[in-house]
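To start, the structure under review is shown below, and the notes come after it.
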Amino acid sequence: MAAIDPDLAPRQTAVSRARDLVQRYDDLVPIDVLREGFVFGGGRVSYGSFQKGIHRAAVQRGPAALTLTTSFKDPYTDMFDELGASFTYAYRSGSIDQPDNRALRAAHELQTPLVYFRGLAPGQYLVVAPMFVTADDPAARVVALEPGLPVQDMQPGGLVSAPDVRAYATRETRHRLHQQRFKLDVMRAYRHRCAICALRERTLVQAAHIVPDGEPAGIAAVVNGLALCAIHHLAFDRNLLGIDPEGVVHIAGRLLREIDGPMLQTGLQGFHGAPIALPRRPDDRPDPARLEQRFERFVAAAG
């Protein structure tokens with residue numbers, strides 16, 4: 001049985017704060033917010049500089065790292081096992097016994113929870129908390145990481161949740177990672193503008209799937225995505241708005257016949273028959289086969 005980590009209390013606070021930020025920022029947290037750290041024992045504790053990957057805070061009494069970071073362009077970037085087994089995280093370069101690597105290995109020995117920050121774009125991080133080091137391979141200079149449960153695995157005793165439940169948590173983390181990458185790729189491809197109305201208010205423009213997530217063709221890739229403002233995204237999801245394989249917008253017949261205020265007239269009816277704006281790079285443009293598959297559903301619902 002692993003020894004009890006003397007830093008469990010600040011870890012619990014660090015994880016709680018990190019999870020609050022995930023909810024507040026819809027899973028992609030700005031670095032400026034993360035740099036504020038968290039409050040423990042009447043003082044502010046840092047999550048790290050985000051310039052190096054392994055961080056142990058000054059307030060800690062034990063030897064294990066508090067946070068791990070993978071930067072957007074980290075040369076020692078971690079990887080994910082696509083079969084769903086675990087993440088891997090590389091040792092810091094240099095001596096295997098330098099302080100950062102000792103702190104990483106101590107997290108494994110103590111089986112103590114960490115907060116993991118994975119950079120997906122400049123200044124934007126996916127946050128996983130709690131995260132545990134579940135295996136250490138000094139010869140390969142890597143460790144395996146596995147998400148834990150926010151209550152059950154945050155008590156003395158370390159990683160105690162059932163393996164099948166943790167496997168589900170790992171799959172969910174992988175899904176979050178893929179979806180956030182999808183969101184960033186789609187928004188970049190469309191230059192953060194709605195493909196229908198060109199609105200560029202970033203808080204109102206979203207990454208929409210053409211074929212819904214979870215279906216075989218519903219991959220989290222830019223060719224299965226569209227940047228749509230909130231109203232057009234909702235209309236697209238409700239089959240009140242369709243886009244044919246040529247990229248032409250269609251509005252459901254019942255909405256075209258309806259008489260209402262200016263939002264209906266200019267926000268929906270006015271785009272009937274108009275082409276969507278396409279990404280500059282051909283490789284980023286929507287897949288016509290997926291547009292056709294989705295358009296068939298629109299026609300069936302509209303009919």
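Going by my numbering, 202 is the number at position 202 of the sequence shown; the sequence numbering is gapless.
Heads up, the beta-carbon is just placed ideally off N, CA and C, and yes, glycines get one too.
Using DSSP with H/G/I as helix, E/B as strand and the rest coil, what is residue i?
{"i": "T13", "result": "helix"}
{"i": "P130", "result": "strand"}
{"i": "A277", "result": "coil"}
{"i": "G242", "result": "strand"}
{"i": "H209", "result": "strand"}
{"i": "H250", "result": "strand"}
{"i": "I231", "result": "helix"}
{"i": "F38", "result": "strand"}
{"i": "V223", "result": "helix"}
{"i": "V165", "result": "helix"}
{"i": "P282", "result": "helix"}
{"i": "I54", "result": "strand"}
{"i": "P30", "result": "strand"}
{"i": "D260", "result": "coil"}
{"i": "H7", "result": "According to the sequence displayed, residue 7 carries Asp and not His. Coil at D7, not helix or strand."}
{"i": "L159", "result": "coil"}
{"i": "A217", "result": "coil"}
{"i": "Q60", "result": "coil"}
Could you give the first and the last residue of the continuous beta strand (DSSP E) run that contains residue i?
{"i": "Q152", "result": "Looking at the DSSP string, Q152 is not in any beta strand (DSSP E), and its letter there is neither H nor E."}
{"i": "L68", "result": "67-70"}
{"i": "R44", "result": "43-45"}
{"i": "F295", "result": "F295 -> not in any beta strand (DSSP E); alpha helix (DSSP H) instead, spanning 288-302."}
{"i": "A3", "result": "Per DSSP, A3 belongs to no beta strand (DSSP E) and is neither H nor E."}
{"i": "T88", "result": "87-90"}
Round the Cβ separation of residue i and residue j to the nearest angstrom and send it over; I've been treating them as touching at under 8 Å.
{"i": "A195", "j": "A277", "result": "5 Å"}
{"i": "L104", "j": "V133", "result": "7 Å"}
{"i": "D7", "j": "G62", "result": "5 Å"}
Compare the C-beta of residue i with all C-beta atoms of chain D and state if any pair is closer than 9 Å.
{"i": "L8", "result": "Of the protein chains in this structure there is only one, and it is not chain D."}
**Study point:** Inside the segment 98-146 only - alpha helix (DSSP H) runs reaching at least 4 residues
**Key:** Counting whole runs of 4 or more residues, the segment 98-146 contains the alpha helix (DSSP H) stretches 99-110.
Exercise for review: Could you pull out every unbroken alpha helix (DSSP H) segment of at least 4 residues lying fully inside the segment 169-211, listed in chain order?
Suggested key: none
Check your understanding: Between the segment 203-211 and the segment 221-229, do at least 3 Cβ pairs fall closer than 8 Å?
Key -> Yes, since at least three Cβ pairs between the segment 203-211 and the segment 221-229 fall closer than 8 Å, the two stretches touch.
Exercise for review: Examine the Cβ distances between the segment 13-30 and the segment 159-166 and report whether three or more of them are shorter than 8 Å.
Suggested key: no
Review point. Hey, is the segment 126-143 in contact with the segment 90-101, meaning 3+ C-beta pairs nearer than 8 Å?
Key: Contact holds: three or more Cβ-Cβ distances are below 8 Å.
Check your understanding: Is the segment 7-16 in contact with the segment 104-118, if contact means three or more CB pairs nearer than 8 Å?
Key -> yes
Check your understanding: Given 8 Å as the limit, is there contact between the segment 241-251 and the segment 269-285, that is, 3 or more CB pairs closer than that?
Key -> yes
Practice item. State whether the segment 253-267 contacts the segment 279-290, with contact taken as three or more CB pairs (one from each stretch) at a distance under 8 Å. Key: Two segments are said to touch when three or more pairs of C-beta atoms, one from each, lie closer than 8 Å; by this definition the segment 253-267 does not touch the segment 279-290.
Point to revise | Sufficient close CB pairs (3 or more, under 8 Å) joining the segment 49-69 to the segment 116-126 | key: yes
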